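**Student:**
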Amino acid sequence: DTEVTQTPKHLVMGMTNKKSLKCEQHMGHRAMYWYKQKAKKPPELMFVYSYEKLSINESVPSRFSPECPNSSLLNLHLHALQPEDSALYLCASSPSGLAGSTDTQYFGPGTRLTVL
Amino acid sequence: KNEVEQSPQNLTAQEGEFITINCSYSVGISALHWLQQHPGGGIVSLFMLSSGKKKHGRLIATINIQEKHSSLHITASHPRDSAVYICAVGKMGQKLVFGQGTRLTINP
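Protein sequences, first through last, are from chains H and S.
So in this note's numbering, the last spot in the first sequence is 129, and the numbers never skip.
So in this note's numbering, the last spot in the second sequence is 129, and the numbers never skip.
1) Kindly identify the DSSP beta-bridge partner or partners of S:K74.
2) Thinking C-alpha only, which one of H:Y62, H:K49, H:T115 is nearest H:S85?
3) If the criterion is Cβ atoms closer than 8 Å, does the pair H:S114 and S:A82 meet it?
4) Where do the N-terminal and C-terminal ends of the beta strand (DSSP E) with H:K35 fall, by residue?
5) Just how far apart, CA to CA, sit S:I64 and H:L111?
6) Determine whether the Cβ of S:I64 lies closer than 8 Å to any Cβ atom of chain H.
7) Would DSSP call S:R101 helix, strand or coil?
8) Taking only beta-carbon positions, decide if H:T110 is within less than 8 Å of chain S.
9) Could you name the residues of chain S that H:T115 contacts, counting a contact when the two beta carbons are closer than 7 Å?
10) Does the beta carbon of S:E36 fall short of 7 Å from some heavy atom of the ligand HEM?
11) Within the 8 Å Cβ cut-off, does S:F39 reach chain H?
12) Could you name the residues that DSSP lists as bridge partners for H:V128?
13) Who are S:G111's beta bridge partners in DSSP?
14) Which residues bound the beta strand (DSSP E) around H:S106?
15) Please confirm whether H:M26 and H:V128 have their CB atoms less than 8 Å apart.
16) Entirely within the region 72-99 of chain H and at least 3 residues each: give me those beta strand (DSSP E) ranges in chain order.
17) Answer yes or no: does any C-beta atom of chain H fall closer than 8 Å to that of S:L117?
18) Which residue from H:T124, H:G123, H:S109 puts its Cα closest to that of H:T117?
19) Any beta carbon from chain H within less than 8 Å of S:G199's own beta carbon?
20) Considering Cα atoms alone, identify which of S:K75, S:H77, S:P60, S:L70 is closest to S:I50.
21) Ordered along the chain, which non-local residues of its own chain (more than five positions away) have a Cβ less than 7 Å from that of H:G123?
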């Protein structure tokens, strides 16, 4: 299995809803990432987990809450989002736990989130 | 000024043409990545370079560390190469810094 999967593919939620995005990889990768991407912009890093521990938090608002239950799974819990949070949310993983830019990152297809 | 600059921002070419996309960066790096993003979202890592040149099929990536410059070349371009190509750089243990991307359209 050489892919990163993300569910759901699309999500529409209201500002009072609570929802979760899920990411899974079975490549034995030790680092996992959440990115946010607005239209026609490059991805912006949100969080990095290295060996299942949060290693980078890019000052993301607390309405986004990451969770890494095990080495294969990464969740992003969403609560009280704003319309400007509408974006493509990409998950990625990389083999080593260095969680940095000297490792190839494998991206999932993304979840397209719309906040009404 | 962005730490990573790509040129051109948009490129339209005819099928079969030789394509070059450039990336310049202003910081010291451990590695440079070329990524491809098709409409619909998914990103594929094409190359990771720290020196020299790499080739995969019709794609060639080069890097000149002294000049802080990299190029991505596509030979015999095809409409399926139409995508956004993103250059990203960084140091070990640090996050990637992305360029703004080059939108490539190959017409049949």
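Just so you know, even glycine gets a beta-carbon here, dropped at the ideal spot from N, CA and C.
Keep in mind that this is a model prediction, so the values were computed, not measured.
**Tutor:** In terms of the structure at hand:
1) S:T83
2) H:Y62
3) no
4) 31-38
5) 21 Å
6) yes
7) helix
8) Just to set this straight, residue 110 of chain H is Gly in the shown sequence, not Thr. The C-beta of H:G110 comes no closer than 8 Å to any C-beta of chain S.
9) S51, A52, M113
10) In the structure on display, the ligand HEM does not appear, and there are no ligands present to speak of.
11) no
12) Its beta-bridge partners are H:M26.
13) S:A52
14) 100-107
15) yes
16) 77-83, 86-92
17) Residue contact check for S:L117 against chain H: a CB pair falls below 8 Å.
18) H:S109
19) Since the first and last residues shown for chain S are 22 and 129, residue 199 of chain S lies out of range.
20) Closest by alpha carbon: S:L70.
21) Q19, L101, Y102, L103
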